[in-house]
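Single-structure report; data block below.
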Amino acid sequence: MSGVTERVGVGPERLWLGAVGGLVVALVLGSIAFPRTVYDGFVWQYFWGPVQADATSAACAVREGGGVAYLGSSSACANAAPPVAYPGYTLVSEVGYMVTLLVMLTGVVLLLRRLDLGTDRRFFYALVPFSLFGGALRVVEDATDTPGTGSLLEYPLNTLVISPIIYFTVFVVTLAAVVGAVAATRRGAFEDLYRTLFGAGLLVLGTTLAILVWFAATGTGGATVHPQVLVVILVGSVVAAGITWWLIERFAPEINRGTGYVGLVVVWGHAVDGVANVIGLDWMTALGAGPNLIPKHPVNQFVVDVTASTLPASVLAVTGDAWPFLLVKLVAATFVVWVFEEEVFEDSPRYSILLLVAVLAVGLGPGTRDMLRATFGV
42 MSGVTERVGV GPERLWLGAV GGLVVALVLG SIAFPRTVYD GFVWQYFWGP
92 VQADATSAAC AVREGGGVAY LGSSSACANA APPVAYPGYT LVSEVGYMVT
142 LLVMLTGVVL LLRRLDLGTD RRFFYALVPF SLFGGALRVV EDATDTPGTG
192 SLLEYPLNTL VISPIIYFTV FVVTLAAVVG AVAATRRGAF EDLYRTLFGA
242 GLLVLGTTLA ILVWFAATGT GGATVHPQVL VVILVGSVVA AGITWWLIER
292 FAPEINRGTG YVGLVVVWGH AVDGVANVIG LDWMTALGAG PNLIPKHPVN
342 QFVVDVTAST LPASVLAVTG DAWPFLLVKL VAATFVVWVF EEEVFEDSPR
392 YSILLLVAVL AVGLGPGTRD MLRATFGV
């Protein structure tokens, strides 16, 4: 980016702000000039419409006459005139969010450079509680979105804790904590920046967990507490991550030469996701924690469907059909750790650490949600 900024005579921060601002202006002007094509057919159908449908527990949302209609059956959605938005992700939205993530990461790298922060690996560890916080916050919405119980946050406020908007919510909270921690330590209020940031993460995480405990105590959304589930998932994830790390150290130590113990945390985060799915989808009944849960993500459902259609019923009765998801998560996490070689950190330490934070978040965030859903039975 330095070469580009030298040619245009503008600092990288201003260049980034100008590029992002230009894209926003283009979308706004396009939506005003061509509302049916740009807003209804792109922005709304692929990005905002799915969130609206999810937030209102509708089968789909239909954009008509400048307003939005929410339909409750798949047959009505199939017969509705486009544009129609369904809860969840599409290929277009996933690409869009991926691009948005990369753009925002670039902006954060520039901010951290301005703050002279982000090259120390302690920064990665300090942000771990915020990944846990994101998953816990999503369970708050899950617990209050049970039919007949109402919701702690009504529409449109509940969109702040629904995927994918919740990622932006957690991002804003985390960014505010980082800036606040830097300001507090530089003014002498606290001595250690990373401990301060870690403490802020524990604070928001603890507050969210306290809300869930209160839900369980009051029966909000049918929530209860199954401590045995929490223990099994945490122990299982530690064992799975430990075995994976031992195998790496024993047979391919070059895999984690670049990341060190940061890579271990990444593997553990994805192990939490894998073990939580295995327990929640297959073993809730065996643990005396109520009925098994239903997959919340397309990848989980795909793995379950493939396993169920491949293995004989006699085997599935013993192993369940979600266990391959744990293997997928461990292999994927190991591959990512291998990609981050020592040279990558040396060339761009801030960007490397932020990318690893993002990799951890996409595993530990959903994993925390699944773990707490199973623990609180929501």
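The sequence shown maps to residues 42 to 419 in this note's numbering. Ideal Cβ positions, reconstructed from N, Cα and C, are used throughout, including at glycine.
A363 is positioned such that its CB atom lies no closer than 8 Å to that of D314. With contacts defined as CB atoms closer than 8 Å, Y80 and F164 fail to qualify as a contacting pair. Distance check between N318 and each of G304, S278, G283 and T300 places S278 closest, using alpha-carbon atoms only.
With 16 or more other CB atoms across the displayed protein chains lying within 10 angstroms of its CB, F256 is buried. Taken in chain order, the complete alpha helix (DSSP H) segments of 4 residues or longer contained in the segment 86-127 are 90-96 and 115-120. The alpha-carbon separation between A122 and V398 amounts to approximately 41 Å.
Where P339 is concerned, the enclosing alpha helix (DSSP H) starts and stops at P339 to T351.
The alpha carbon of G107 has as its nearest neighbour, out of P128, S72, V140 and A99, the alpha carbon of S72. Per DSSP, the continuous alpha helix (DSSP H) segment holding T141 begins and ends at L132 to L156. CA-to-CA, the gap between T237 and A222 works out to about 6 Å.
With a cutoff of 8 Å on beta-carbon distance, V307 and V378 are scored as near each other. In the three-state reduction of the DSSP assignment, E182 falls in the helix class, which pools H, G and I. The Cβ atoms of A258 and I320 lie no closer than 8 Å to each other. Shown here, M412 sits in a helix according to DSSP, grouped into three states.
A straight line joining the alpha-carbon of E232 with that of F239 spans about 13 Å.
Taken atom to atom, the span from the alpha-carbon of G329 to that of A358 is near 17 Å. Taking a cut-off of 8 Å on C-beta distances, the segment 405-419 touches the segment 176-186, as three or more cross pairs fall below it. Straight through space, the alpha carbons of F366 and G310 are spaced by roughly 14 Å. Straight-line spacing of the CA atoms in L253 and Q269 works out to 17 Å. Scanning the segment 278-333 for uninterrupted alpha helix (DSSP H) segments of 4 residues or longer gives 302-319, listed from N- to C-terminal end. Taking 8 Å as the cut-off, the Cβ atoms of F174 and G262 do not count as close.
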